[in-house]
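Residue numbers (numbering that gives the first Met the number 0), protein chains in the order written: chain A, 0 to 234; chain B, 0 to 257; chain C, 0 to 215.
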Amino acid sequence: MDSGSVSTRGPCSVHPWRGYFRSVAMFRLQGSKVLAVDMTQDAVKAKNGSMVAYDGEMAFKKLSGGGEGLRGMVTRRITGEQMTVMEVRGQGTCWFADRASEITLVGLQGDKLYVESSNFLAADAGLRTGTSFTGTRGASQGNGLFTTTIEGHGQAAIMSDGPAVVLRVSAQYPLTVDPGAYVAHQGNLRQSFQSGVTFRTLFGEGGGEAFQIRFEGDGLVYVQPSERNTIAGDV
Amino acid sequence: MSTVHHDPATLPADDNVNAYTFCVELKGSQWFLQKGKMIAYYGTIDFNGIGHGRLDRLVRTSFHSPLHASDWVVAEGSGKMLLADRAFDVNSYDLEEGNLTIRSGNLLAFQPSLALKQSIVPGFLTLIGTGKFVAASNGPVVFVEPPIRVDPQALVGWADCPSPCHHYDHGYMTGLLGGLRAMTGLGGASGEEHQFEFVGAGTVLLQSSEALMAEQAVGTPPQQAGVPGGGASGAPTGRSGAPGLPGQLGDLQRRFGL
Amino acid sequence: MAFQEINSKMVQATVAPGQRLFSQRGAMLAYRGEVSFTPNLRGGQGGVMSMIGRRVANEDTPLMTVEGSGTVFFGHGGHHVQVINLSGDTLYVEADRLLAFEGTLEQSTVFLGSQGGVMGMVRGQVSGQGLFTTSLKGHGSVAVMAHGGVFEVPITPQRPVRVDPQAYVAHHGDVRNKLSTALGWRDMVGRGSGEAFQLELSGSGTVFVQASEEKL
Numbered sequence: 000m001d002s003g004s005v006s007t008r009g010p011c012s013v014h015p016w017r018g019y020f021r022s023v024a025m026f027r028l029q030g031s032k033v034l035a036v037d038m039t040q041d042a043v044k045a046k047n048g049s050m051v052a053y054d055g056e057m058a059f060k061k062l063s064g065g066g067e068g069l070r071g072m073v074t075r076r077i078t079g080e081q082m083t084v085m086e087v088r089g090q091g092t093c094w095f096a097d098r099a100s101e102i103t104l105v106g107l108q109g110d111k112l113y114v115e116s117s118n119f120l121a122a123d124a125g126l127r128t129g130t131s132f133t134g135t136r137g138a139s140q141g142n143g144l145f146t147t148t149i150e151g152h153g154q155a156a157i158m159s160d161g162p163a164v165v166l167r168v169s170a171q172y173p174l175t176v177d178p179g180a181y182v183a184h185q186g187n188l189r190q191s192f193q194s195g196v197t198f199r200t201l202f203g204e205g206g207g208e209a210f211q212i213r214f215e216g217d218g219l220v221y222v223q224p225s226e227r228n229t230i231a232g233d234v
Numbered sequence: 000m001s002t003v004h005h006d007p008a009t010l011p012a013d014d015n016v017n018a019y020t021f022c023v024e025l026k027g028s029q030w031f032l033q034k035g036k037m038i039a040y041y042g043t044i045d046f047n048g049i050g051h052g053r054l055d056r057l058v059r060t061s062f063h064s065p066l067h068a069s070d071w072v073v074a075e076g077s078g079k080m081l082l083a084d085r086a087f088d089v090n091s092y093d094l095e096e097g098n099l100t101i102r103s104g105n106l107l108a109f110q111p112s113l114a115l116k117q118s119i120v121p122g123f124l125t126l127i128g129t130g131k132f133v134a135a136s137n138g139p140v141v142f143v144e145p146p147i148r149v150d151p152q153a154l155v156g157w158a159d160c161p162s163p164c165h166h167y168d169h170g171y172m173t174g175l176l177g178g179l180r181a182m183t184g185l186g187g188a189s190g191e192e193h194q195f196e197f198v199g200a201g202t203v204l205l206q207s208s209e210a211l212m213a214e215q216a217v218g219t220p221p222q223q224a225g226v227p228g229g230g231a232s233g234a235p236t237g238r239s240g241a242p243g244l245p246g247q248l249g250d251l252q253r254r255f256g257l
Numbered sequence: 000m001a002f003q004e005i006n007s008k009m010v011q012a013t014v015a016p017g018q019r020l021f022s023q024r025g026a027m028l029a030y031r032g033e034v035s036f037t038p039n040l041r042g043g044q045g046g047v048m049s050m051i052g053r054r055v056a057n058e059d060t061p062l063m064t065v066e067g068s069g070t071v072f073f074g075h076g077g078h079h080v081q082v083i084n085l086s087g088d089t090l091y092v093e094a095d096r097l098l099a100f101e102g103t104l105e106q107s108t109v110f111l112g113s114q115g116g117v118m119g120m121v122r123g124q125v126s127g128q129g130l131f132t133t134s135l136k137g138h139g140s141v142a143v144m145a146h147g148g149v150f151e152v153p154i155t156p157q158r159p160v161r162v163d164p165q166a167y168v169a170h171h172g173d174v175r176n177k178l179s180t181a182l183g184w185r186d187m188v189g190r191g192s193g194e195a196f197q198l199e200l201s202g203s204g205t206v207f208v209q210a211s212e213e214k215l
C-alpha cells in the first residue's frame, strides 16, 4: 500500500529561536477524561471547543487547517478531512475535555505519532503537525485513514471512546486491528489491509466485505474499546 | 505516569485487560462472536460467517434459537483477540452446569460448549451448560439477590431465578398525575410504575442504564397459541421483535437455506 | 449519609420511615422492601412560585417523593453520578442534573438574574438550561449527574475560574457569576453563537465541571 506524508512546520516552530525561551506547557490528567495543562505564557494546540474551564488569563486563537501550514490545508481540502484546531496561550491552568472521551498522554522524543484526526485532543504548540494519507482502500471505504501526524519533542494528548489499549508490535508479533477501533500508532510500522470475515456462506450475503488493518514492524498501536461507524470493518 | 504496553505475552488469557476490553485466548479452539466486537488480535485467527458449511454441525449443537445467523461469526485459530463493545463495561461469566438469561443486546461472545437458546421473555437469550461468555453492561454489573423489583431498562439478566414477573405500582399509576397520564398519554412511562419482580433463589444482574443498548434480533418464536411474542396477539411488551426484522420468516428461510 | 456509591454510575439509598428522599422521575433502577414512589406535582418542595418559575423557565424536571422502608438503587441514562454532601451551605445546580437528594434539604428555585445582573440573565439562554437554577440548602447529601464525571475547581478571591457554560454542572460557596469572554474567544467561536461566552465565577467556593460539553 502506498503511504505519503505531508508535514510542515507549525506556526510556533517556524521561529526556532523562540524555543529557547519557551517554557514547556505541563500536561497532566485529572481523572481519565480531563486534561489539565499548566501554562506559563506558553501555548498548546487543542481541538476547537474542547476547553471546559480555566483560571488565570488565556487567549484563544483559531488556527486554520489543522495547525499546519498551507500544504496541510490543501491536503485536507482534498481529503475532505475536517479538523479545526485552536491555539491557547496564557498563564494559568486550562482544562480540556471532549464528550467524556478517555484521554491518553503520549510523550514524543523526536518520533512521529499518527493519530486519527477525530482522536486528536491537544499537543504542545512546539510539536509539528501534518496530515498523512495511508492506503487507497481506506479512502474508498470511507474509513478515513487520513491521519494527523505529530512530530517533535513534547507531549500530546489523544482521546478515545473508552480507555485506549496500547499494543506493542514487533517482528515476532504482528497485529491486526479493526479500522473502527484504530486510534493511533507510533514507531516504525508498515500497515496493510486484509480481508476480515469470510462469508463463503450458504446465504451468499453478509455485512459487506469486512477488512482489517495489519501492522508489521516495530512500534505501538493504540486501539479503543469501541468501533466508530465504519462502512466495512464488520467483525 | 506511564501507560501499560501490551503484547501477546503480557495480555491476559480469557480475562479483562481493563473494564472495557476483554482478551480471549484461542489455542485451536472456537468462540462465537457477535459481529463488530473484535477490535484487534495477535496470531492467526479466521473469522467465518456461521452459515459456513464446515461449521454447520457447531451451529446445530450451540445455536438453538433462530438467531439472525448473519450477526454472528465463529473465530477459530490460535492467538489472542480483544473484544469490546461501544466502550461499555464488559465482563466474563463462567457457567458450570448452569443457566443464565441475558438481554440479547448485551451478549458479545460465548464458547461453543454453551448452548444458546431463546428465552420465554422476549428480547432475552438463555445460555445453558458449562463454559464462559462475555457480556456488556452500561456501567459495572451489580449483582443483587431476590426479592427485588427492577426497572426493566436496568435489567441485564438473571441466573436461576424461577419467576421473573411484572409488577405494577398502583399508587404511582392512580395518583392525580398517573390518572392524567393514563388519560392523555402524556408524561410517558417510567420504571416507577412498572417493574420486573424477582423472588426465590437466584441472582439478578443490574446495570445503570435507562438508555438501552441496541436490541439484538433474536428471531421470532413460531406462531403458535401460548407462545409469548409469537401469536397474532402481538408482542406483549413491544420489546420482543424490535424493529429491523423485516420479512422475518422469509429472511430466516433464506438465511438457513430452507 | 443517605447515598452510598455502588459504582460510578449507580448510588444506593436507604429509606426509613420519616426520612424521605426526592429523586428525578425515572431514575429508580431497582428497589427492595416497601417503598413508594409518588410523582410530585410541585416538583419538589419549592411551592407554587417555584412551580411557576419552572414553567416560565421551561425547566420542568419532574421529581418524585420516595418514602417507606427499604433500599433503592438510583442511576440514569448511564451518566456518572457524583454525591455532594452539604453541611449548612447552599448548592446551586441545574435541575435536570439532580438525580436524587435528601428530604432534609431545602429546595428552591433561584432566578439567576438577581445574582448576576443582566449578564446573569443571558447565561440562562447561553446554556439553554433556563434562567432559573435550583438551590439546595441545609444538611444532607445530593446525587448529581454529569456526562463523563465531574472534577472540582476551587474558586478563590485571587483566582476566578471561567467555565464553558455547557460543561458547568454546579457550584457552592460565596460565588458570584457573570458572563465574560476571553481574548480571541468570540472571534473563534463566532459572535452569533451563545458559546461566545464563558461563565466567570468569582469569590470563594467550588465549581463542579463535567468532562464534556454535552448537556444532559
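Idealized CB from N, CA, C, for every residue including glycine.
All of these numbers come straight from a predicted model, not from anything done at the bench.
Does the Cβ of residue i have 16 or more other Cβ atoms within 10 Å, making it buried, or fewer, making it exposed?
i: K26(B); result: exposed
i: C160(B); result: buried
i: I119(B); result: exposed
i: F142(B); result: exposed
i: C93(A); result: buried
i: Q165(C); result: buried
i: Y167(B); result: exposed
i: Q108(A); result: exposed
i: N142(A); result: Residue placement at N142(A) is flagged as unreliable, the pLDDT there being 44, under the threshold of 50; the coordinate-derived value follows with that caveat. Its Cβ being crowded by 16 or more others within 10 Å, N142(A) is buried.
i: N84(C); result: exposed
i: D41(A); result: buried
i: H4(B); result: exposed
i: L82(B); result: buried
Residue i versus chain B: which residues are under 7 Å apart at the beta carbon?
i: L219(A); result: H4
i: Y172(A); result: D6, P7 and Y41
i: F72(C); result: L205
i: A12(C); result: Correct list: empty, because the minimum Cβ distance to chain B is about 14 Å.
i: S225(A); result: A83, R85 and A86
i: T175(A); result: A39 and Y40
According to DSSP, is residue i part of a helix, a strand, or is it coil?
i: S100(A); result: coil
i: G249(B); result: Here the model assigns G249(B) a pLDDT of 29, short of 50, so the residue's position is not dependable, and the following value carries that caveat. Correct three-state label for G249(B): helix.
i: A122(A); result: strand
i: R180(B); result: Residue placement at R180(B) is poorly supported in this model, since its pLDDT is 48, which falls under 50; the coordinates are not used for a value here.
i: A94(C); result: helix
i: Q223(A); result: coil
i: D70(B); result: helix
i: G202(C); result: strand
i: S194(A); result: strand
i: A153(B); result: helix
i: A1(C); result: coil
i: S86(C); result: strand
Applying a beta-carbon distance threshold of less than 7 Å, which residues of chain A neighbour residue i?
i: H146(C); result: A99
For a contact defined as C-beta to C-beta under 7 Å, what are the partners of residue i on chain C?
i: L82(B); result: Chain C residues near L82(B): none, gap ~20 Å exceeds 7 Å.
i: I265(B); result: A question about residue 265(B) goes unanswered here, because the residues of chain B that appear run from 0 up to 257.
Mind checking whether residue i and residue j have CB atoms under 7 Å apart?
i: G300(B); j: Y41(B); result: Absent from the model: residue 300(B). The displayed extent of chain B is 0 to 257, so no value can be given.
i: T2(B); j: V165(A); result: yes
i: T70(C); j: T13(C); result: yes
i: D180(A); j: V222(A); result: For clarity, residue 180(A) is Ala in the given sequence; the question names Asp instead. Yes, the pair counts as a contact, with Cβ atoms nearer than the cut-off.
i: G67(C); j: V34(C); result: yes
i: T83(A); j: N47(A); result: yes
i: V109(C); j: V162(C); result: no
Give the interface partners of residue i over in chain B, defined as CB-CB distance under 9 Å, in chain order.
i: V182(A); result: What V182(A) touches in chain B: nothing, since even the nearest Cβ is about 10 Å away.
i: S7(C); result: G138, P139 and S207
i: V36(A); result: By Cβ distance, chain B contributes nothing, its closest Cβ being about 14 Å from V36(A), past 9 Å.
i: S131(A); result: Here the premise fails: no neighbours, minimum Cβ distance about 21 Å.
Check the Cβ of residue i against every Cβ in chain A and list those closer than 9 Å, keeping chain order.
i: V160(C); result: A52, Y53 and D54
At a CB-CB cut-off below 9 Å, which residues of chain E make contact with residue i?
i: P162(A); result: In the displayed structure, chain E is absent; the protein chains listed are A, B and C.
Against residue i, what residues of chain C qualify as contacts under a CB-to-CB distance less than 9 Å, listed in chain order?
i: D159(B); result: The contacting residues do not exist; D159(B) stays about 18 Å from chain C at best.
If the cut is a Cβ gap below 8 Å, which residues of chain A does residue i touch?
i: A166(C); result: V51, A52 and A96
For residue i, return the contacting residues in chain C, with the cut-off set at a CB-CB distance below 8 Å.
i: M25(A); result: Within 8 Å Cβ-Cβ: nothing; M25(A) doesn't reach chain C, min ~17 Å.
Query - Complete runs of the beta strand (DSSP E) confined to the region 22–67 of chain A [at least 3 residues] - result: 25–29, 33–46, 50–54 and 56–62
Query - Contained beta strand (DSSP E) runs [length at least 3] in the region 76–130 of chain B, N- to C-terminal order - result: 88–102, 106–109 and 113–117
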